Amino acid sequence: MTKGGYLGLQIVGMVAVAVFAQAAIRSLFDHSATQLWGAFDWVPGDWGGRLLVFLLLAATGTVLAGWAHDRGKRVSR
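The numbering of the sequence shown is the working numbering, which starts it at 1 and goes up by one.
Shown next, in the form of structure tokens:
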């Protein structure tokens, strides 16, 4: 993959972190609010299940952004 491809993956990872971390934090303060326009209302476990999914997706975005950053640095050398 080219450096631009890794940069794109890094951007996707950072956007995922921003979106899902914000949804998780908002969910902590207002348990009954619908987060992300109800796209995750199907998740079993009600509030706790959705919070867990948001946290896992934010962590996945962090790992993806870090991995793409490291790979992008290797390609540019």
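Glycine included, each C-beta is placed from N, C-alpha and C at the ideal position.
As the structure is a prediction and not an experimental result, all values here were calculated from the model.
Per-residue DSSP class, three states only, for residue i
{"i": "M154", "result": "Limits of the chain in this structure are 1 at one end and 77 at the other, which puts residue 154 out of reach."}
{"i": "V43", "result": "coil"}
{"i": "A33", "result": "coil"}
Whole-angstrom C-beta distance between residue j and residue i, which should lie under 8 Å
{"i": "V17", "j": "A68", "result": "Incorrect: roughly 12 Å between the Cβ atoms, too far for contact."}
{"i": "M1", "j": "A65", "result": "In fact, because the Cβ distance is near 15 Å, the residues do not count as touching under 8 Å."}
Counted within 10 angstroms of its Cβ, other Cβ atoms place residue i as buried (16 or more) or exposed
{"i": "A24", "result": "buried"}
{"i": "S27", "result": "buried"}
Residue interval of the alpha helix (DSSP H) (run including residue i)
{"i": "W47", "result": "46-76"}
Can we say the region 61-74 touches the region 23-42, given the rule of at least three CB pairs closer than 8 Å? no
If you pair each beta-carbon of the region 17-37 with each one of the region 46-58, do three or more pairs fall below 8 Å? yes
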